[in-house]
Amino acid sequence: MTSVFEKIDTVARYRKALNDIARFLQEFIATHTPEQIELKVSFFFFFFFFFLCSIDSE
Numbered sequence: 161m162t163s164v165f166e167k168i169d170t171v172a173r174y175r176k177a178l179n180d181i182a183r184f185l186q187e188f189i190a191t192h193t194p195e196q197i198e199l200k201v202s203f204f205f206f207f208f209f210f211f212l213c214s215i216d217s218e
């Protein structure tokens, strides 16, 4: 059984990770044009979909 302190530590790590993601997204949006963001997001979803399809085919 996990202790209360382990659960608090886990929540703190998740919160830090979410803050890091939010900081990255803020910097990414601030330093890229809407066209660049659209292109990079499209590539991300294309490769993510390709990755999921390759897992399913095994």
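Offset between the sequence shown (1-based) and our numbering: plus 160. Glycine is no exception: its CB is placed at the ideal position from the N, C-alpha and C atoms.
What number of angstroms, rounded off, separates the C-alpha of residue i from the C-alpha of residue j?
i    : j    : result
N179 : F188 : 14 Å
S202 : S163 : 42 Å
F184 : K200 : 14 Å
F211 : I197 : 21 Å
Secondary structure at residue i, three-state DSSP: helix, strand or coil?
i    : result
T162 : coil
T193 : coil
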